[in-house]
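Chemist: Quick one: the structure is below, and I'll ask about it shortly.
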């Protein structure tokens, strides 16, 4: 497209570089920023630089944090020998939001995905294995996605951890609360029959 | 949501403040930026500040420009007494892209829309009327949207310009090239019959 302003064109290109944002949307956002007061635009720009320069990974669990050890790992009333292994911070937030979990987390930073060029060496596993080997953990919950990449990663972690003194568990799979059977995919429905559990009235 | 990093939360809030970007999308974009190299993130942030601080409106036509007069108004081989009135820079780019127009533009910066609190006083009209009153223009093409706000704005401009020595025209309306009649909306189809033109074989 033929922009009459180089600065506008540059901003549109930079915004367009973000995933899932096309050029028309980038232009719409740029025109919105032009109508926004300067202080707000500077605050946005500053927050992006701070995000990149000040956010670290927690030394203990690998989660995103502003401090060397994240505030979840710092909480004394959590069960520190119970570790839930997740892919990234979004899963931590989802599980925290349930209010059901009082252990700590271990954030891998991804799952094994040859298609995306992510191998076992790219995941944050060493610290988890070290803790397991030293007998610091009672249970590790593998809480990864229900697809092939998630399953592959779970199996890889099982191989790394199975000889250490720690119990391994994984999330229950089956029909979701509120699901209608006729609309449940057949693999999930089949597994929920195969893995049926005693009825607790 | 319960973020483990204040800087991450702040960045997500700022991105979420952009129109059409929900909190989940904002988080996805923030996590993408965390994986992006620092130079790219700084370039994005800088481009947003430059956009806000360095882009001006052309003194002649009101279009966005890095210079006092935009490069379209500076082109000597354009017909400067032929002015196409449009809403914003996106319309300028769309018309330029056709390669059919050799006049200059006049960018209003919006259309009259009481619902959005935009009245005639918010539009860039004074310079256009001044040019028309001084006999600098041969023709003004009203190229505004085909909806009520566009029609209202066209009528307002007609009232402001009709007593000046300038010809007023508007875009042809009718069925689009390639349209099938059965899928054309009935108002457009009705108008295209009422405004039928001589067949040019």
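Chains as they are written, first to last, in my numbering: chain A, 1 to 201; chain B, 1001 to 1201.
The C-beta atom is built at its ideal place from N, Cα and C for all residues, glycine as well.
#1: Please state if the CB of residue 1064 of chain B and the CB of residue 8 of chain A are separated by a distance shorter than 8 Å.
#2: For a test of the three-state rule: what should DSSP assign to residue 1164 of chain B, helix, strand or coil?
#3: The beta strand (DSSP E) with residue 1027 of chain B in it runs from where to where?
#4: Given a threshold of 16 other Cβ atoms within 10 Å of its Cβ, counted over all protein chains shown, does residue 1131 of chain B qualify as buried or as exposed?
#5: Along the chain, which unbroken stretches of the beta strand (DSSP E) at least 3 residues long are found entirely within the stretch 50 to 110 of chain A?
#6: Please classify residue 1112 of chain B: does DSSP put it in a helix, a strand, or coil?
#7: Compare the C-beta of residue 1091 of chain B against all C-beta atoms of chain A and say whether one is closer than 8 Å.
#8: Which residues of chain A have a Cβ atom closer than 9 Å to the Cβ of residue 1038 of chain B, listed in chain order?
#9: Using only the alpha-carbon positions, how far apart do residue 67 of chain A and residue 56 of chain A sit?
#10: Counting along the chain, where does the beta strand (DSSP E) carrying residue 140 of chain A start and finish?
#11: Tell me which same chain residues have a C-beta within less than 8 Å of the C-beta of residue 13 of chain A, skipping the five on either side of it?
#12: Locate the alpha helix (DSSP H) running through residue 1175 of chain B, then write down its first and last residues.
#13: Taking 8 Å as the CB-CB cut-off, is residue 1019 of chain B touching chain A?
#14: Cβ of residue 143 of chain A less than 8 Å from any chain B Cβ?
#15: If the criterion is Cβ atoms closer than 8 Å, does the pair residue 1053 of chain B and residue 38 of chain A meet it?
#16: What does residue 1027 of chain B reach in chain D if we use C-beta pairs closer than 9 Å?
#17: Could you check whether the stretch 16 to 31 of chain A touches the stretch 1119 to 1130 of chain B, counting it as contact only if at least three pairs of C-beta atoms, one from each stretch, sit closer than 8 Å?
#18: So who's on the other strand from residue 1169 of chain B, going by DSSP bridges?
#19: What does residue 193 of chain A pair with, by DSSP beta-bridge criteria?
#20: Is the number of C-beta pairs between the stretch 1107 to 1116 of chain B and the stretch 1152 to 1167 of chain B that are closer than 8 Å three or more?
#21: Closer than 8 Å, CB to CB, is residue 1097 of chain B near chain A or not?
#22: If you draw a straight line from the C-alpha of residue 183 of chain A to the C-alpha of residue 176 of chain A, how long is it?
#23: Just curious, the alpha helix (DSSP H) that residue 1008 of chain B is in, first and last residue?
#24: Have a look at residue 1073 of chain B and residue 1168 of chain B and give me their C-alpha separation to the nearest angstrom.
#25: Could you say which of B:1092, B:1079, B:1143 lies nearest to residue 4 of chain A if we only look at CA atoms?
#26: With distances taken Cα to Cα, identify the nearest neighbour of residue 80 of chain A among A:117, A:135, A:40.
#27: Can the beta-carbon of residue 1069 of chain B be found less than 8 Å from the beta-carbon of residue 1059 of chain B?
#28: By how many angstroms is the C-alpha of residue 35 of chain A removed from the C-alpha of residue 1043 of chain B?
#29: Is there a Cβ from chain B that is less than 8 Å from the Cβ of residue 71 of chain A?
#30: Relative to the alpha-carbon of residue 1062 of chain B, which residue among B:1181, B:1200, B:1105 has its alpha-carbon at the smallest distance?
#31: So the alpha helix (DSSP H) residue 128 of chain A belongs to, where does it begin and stop?
#32: In chain B, which residues lie with their C-beta within 9 Å of the C-beta of residue 63 of chain A?
#33: Would the beta-carbon of residue 41 of chain A fall within 8 Å of that of residue 85 of chain A?
#34: Can you check which of these residues, A:162, A:137, A:170, A:121, is closest to residue 145 of chain A by C-alpha distance?
#35: For residue 14 of chain A, go through chain B and note every residue whose CB falls closer than 8 Å to its CB, in chain order.
Modeler: Here's the rundown:
#1: The residue labelled residue 8 of chain A in the question sits at position 8 within the first chain. The residue labelled residue 1064 of chain B in the question sits at position 64 within the second chain. Yes, the pair counts as a contact, with Cβ atoms nearer than the cut-off.
#2: Position 164 of the second chain holds residue 1164 of chain B. DSSP, reduced to helix, strand and coil, places residue 1164 of chain B outside both helices and strands of the structure shown, so it counts as coil.
#3: Residue mapping note: residue 1027 of chain B aligns to position 27 of the second chain, counting from 1. That residue, residue 1027 of chain B, is in no beta strand (DSSP E); its alpha helix (DSSP H) goes 1023 to 1035.
#4: Walking along the second chain from the start, residue 1131 of chain B turns up at place 131. Looking at its Cβ environment, which holds 16 or more other Cβ atoms inside 10 Å, residue 1131 of chain B is buried.
#5: 79 to 86, 103 to 107
#6: Locating residue 1112 of chain B in the second chain gives position 112, counting from the first residue. In the structure shown, the three-state DSSP call for residue 1112 of chain B is coil.
#7: Within the second chain, numbered from 1, the residue matching residue 1091 of chain B stands at position 91. False, the Cβ-Cβ gap to chain A never drops below 8 Å.
#8: Within the second chain, the letter at position 38 stands for residue 1038 of chain B. Taking a Cβ-Cβ cut-off of 9 Å, the neighbours of residue 1038 of chain B in chain A comprise 49, 52, 53, given in sequence order.
#9: Here the question's residue 67 of chain A lines up with position 67 in the first chain. Here the question's residue 56 of chain A lines up with position 56 in the first chain. When rounded, the separation of the alpha-carbon atoms in residue 67 of chain A and residue 56 of chain A is 7 Å.
#10: For the purposes of this step, residue 140 of chain A is identified with residue 140 of the first chain, where counting begins at 1. 139 to 142 is the extent of the beta strand (DSSP E) around residue 140 of chain A.
#11: Here the question's residue 13 of chain A lines up with position 13 in the first chain. If we look at residue 13 of chain A and ignore the five residues flanking it on each side, its Cβ neighbours are 26.
#12: In the second chain, the residue the question calls residue 1175 of chain B occupies position 175. It is not in any alpha helix (DSSP H) - residue 1175 of chain B carries neither H nor E in the DSSP assignment.
#13: Mapped onto the second chain, residue 1019 of chain B falls at position 19. Chain A, which has a Cβ nearer than 8 Å to the Cβ of residue 1019 of chain B, makes this yes.
#14: As a first step, residue 143 of chain A is located in the first chain; it is residue number 143 there, counting from the start. No, residue 143 of chain A does not count as interfacial toward chain B.
#15: Locating residue 1053 of chain B in the second chain gives position 53, counting from the first residue. Locating residue 38 of chain A in the first chain gives position 38, counting from the first residue. It is a contact, given that the beta carbons lie within the stated cut-off.
#16: In the structure shown, chain D does not exist; the protein chains are A and B.
#17: no
#18: The residue you call residue 1169 of chain B lines up with position 169 of the second chain. Partner(s): B:1141.
#19: In the first chain, residue 193 of chain A corresponds to position 193, counting from 1. BP columns for residue 193 of chain A are empty, so no partner.
#20: yes
#21: Translated into positions along the second chain, residue 1097 of chain B becomes position 97. So yes, residue 1097 of chain B belongs to the interface.
#22: Sequence index remark: in the first chain, residue 183 of chain A carries index 183 (1-based). Sequence index remark: in the first chain, residue 176 of chain A carries index 176 (1-based). Each residue's alpha carbon lies about 11 Å from the other.
#23: Taking the second chain and counting its residues from 1, the one referred to as residue 1008 of chain B is at position 8. First-last of the alpha helix (DSSP H) with residue 1008 of chain B: 1006 to 1016.
#24: Counting from 1 along the second chain, the entry for residue 1073 of chain B is found at position 73. Counting from 1 along the second chain, the entry for residue 1168 of chain B is found at position 168. Going by the C-alpha atoms only, they are around 20 Å apart.
#25: Working through the first chain from its first residue, we reach residue 4 of chain A at position 4. Ranking B:1092, B:1079, B:1143 by Cα distance to residue 4 of chain A puts B:1092 first.
#26: In the first chain, the residue the question calls residue 80 of chain A occupies position 80. Considering only A:117, A:135, A:40, the residue with the shortest C-alpha distance to residue 80 of chain A is A:135.
#27: The sequence position of residue 1069 of chain B within the second chain is 69, counting from 1. The sequence position of residue 1059 of chain B within the second chain is 59, counting from 1. Yes, the pair counts as a contact, with Cβ atoms nearer than the cut-off.
#28: If you number the second chain from 1, residue 1043 of chain B lands on position 43. If you number the first chain from 1, residue 35 of chain A lands on position 35. Near 21 Å, if we compare the C-alpha coordinates of residue 35 of chain A and residue 1043 of chain B.
#29: Translated into positions along the first chain, residue 71 of chain A becomes position 71. For residue 71 of chain A, the answer is yes, since a Cβ of chain B falls inside 8 Å of its Cβ.
#30: One-based indexing of the second chain puts residue 1062 of chain B at position 62. Of the listed residues, the one whose Cα sits closest to residue 1062 of chain B is B:1105.
#31: As a working note, residue 128 of chain A is residue 128 in the first chain. Residue 128 of chain A -> alpha helix (DSSP H) spans 126 to 133.
#32: Residue mapping note: residue 63 of chain A aligns to position 63 of the first chain, counting from 1. Here the neighbours are 1004, 1005.
#33: By 1-based counting over the first chain, the position of residue 41 of chain A is 41. By 1-based counting over the first chain, the position of residue 85 of chain A is 85. Cβ atoms of residue 41 of chain A and residue 85 of chain A: not closer than 8 Å.
#34: Counting from 1 along the first chain, the entry for residue 145 of chain A is found at position 145. Looking at the Cα atoms, A:170 is the closest of the given residues.
#35: Taking the first residue of the first chain as position 1, residue 14 of chain A is located at position 14. Those are 1043, 1044, 1047, 1048, listed as they occur along chain B.
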